[in-house]
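Using numbering that gives the first Met the number 0, the letters of the sequence shown correspond one by one to residues 0 to 244. Note that the Cβ used here is the ideal one computed from N, Cα and C, for glycine as well. Values in this document were obtained by computation on a predicted structure and should not be read as measured data.
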Amino acid sequence: MELCKSEDKHWFLLGRRQIISNVLEKFFALSHGKTAATEAKKVIEIGCGSGGNLELLSKYGDLFAVEFDDEAREFATNRKVCEVKKGPFLPNGDLPYDFGFDLICLLDVLEHIDGDKKTIEKLSGSLNKKGKILVTVPAYQCLYDGSDRACHHKKRYTLTGLRKIFFDAGFRYMYGSYFVVPLFPVAAAVKLVHKFLIDRNSVYIKETNPIVNFICKKIFFSEIFFIPRISFPFGYEIVAIFEKN
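Here it is, written out as structure tokens:
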């Protein structure tokens, strides 16, 4: 699996992980507190893939994870961060836990699911009072191409559209922003060329030339300082956090 090989070094995955950390520090960790006397919060990543985010998420409470793909789940389990259970196939399946969570993470997962609003409504029932959902999704349906098909994406999003889905499902918007901003013109151009001139199903996130990876990482990390201090109005990807109302 190309993604598993690149999980810990690809510029996009490393930068997205830092953005996730920044958002959680402001909107989850501070709101719940992190003292020893505080009861540990329950956190789950749904669709954890090969587990590249698990070590980070484990800092924010008792961590649980689920993954549908058997090969990816084996990678994640071998990281020995937390137990990684099978499934579910959302929105019809149920989480394999009989307790509620304080934070649910859907990190580039929602775009894979038929029935995103129904999924959020269902997950609301697995959240404790004032529980939160952190989500990242790819931006702009006009950029949908063969790489999206290869990754089994159903759609791409705008921040406005994402906010409406969560609002209709009974959530309060806390923060959202586009990211991959300085590199967006290049990324969008590549997507459009891929869409209209090449049109083949292939995945972009794979082992990258080390020099290209280094340059992209430096450029990408230049914007990370500003999230979540500000909200960028455009970009290649979206991050947002919502609270159960």
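The beta-carbon distance between F178 and I18, rounded to whole angstroms, is 6 Å. This is short enough to meet the 8 Å contact definition.
A138 is bridged by DSSP to Y156.
If you draw a straight line from the Cα of F231 to the Cα of V180, it comes to about 8 Å.
K121 and G169 have their C-alpha atoms roughly 11 Å apart. For the set Y139, Y172, Y174 and T157, the Cα lying nearest the Cα of A188 is the one of Y139.
Shortest Cα-Cα distance from F98 to any of S221, T76 and I43 involves I43. Straight-line spacing of the CA atoms in A239 and N208 works out to 30 Å. In terms of Cα proximity to P184, the closest of I226, Y172, Y235 and C47 is Y235. Apart from sequence neighbours up to five positions away, the residues of its chain that approach L56 with a beta-carbon distance below 7 Å are V42, E44, L62 and C104, ordered along the chain.
Across the set G145, T159 and K163, the C-alpha of G145 shows the shortest separation from the C-alpha of F195. When secondary structure is reduced to three states using DSSP, S176 falls in the strand class.
Its chain contains L53, S57, L62, F63 and A64 as the residues whose beta carbon lies nearer than 7 Å to that of C81, once the 5 sequence neighbours on both sides are disregarded; these appear in chain order.
The region 88–114 contains, as complete beta strand (DSSP E) runs of 3+ residues, the segments 100–106 (chain order). A contact between stretches requires three or more CB pairs, one per stretch, nearer than 8 Å, and the region 108–115 meets this requirement with the region 149–165. In the three-state scheme derived from DSSP, where H, G and I count as helix and E and B as strand, K58 is classed as helix. Assigned with DSSP and collapsed to three states, V22 falls in helix. Judged by beta-carbon spacing, K40 lies within the 8 Å limit of L102, meaning their Cβ atoms are closer than that value.
With 16 or more other Cβ atoms from the protein chains shown falling within 10 Å of its own Cβ, R155 counts as buried.
Put simply, the backbone Cα of F166 is about 10 Å away from that of E242. By the criterion of a C-beta distance shorter than 7 Å, L126 is surrounded in its chain by G99, F100, I103 and K243, once the five residues flanking it on both sides are discounted.
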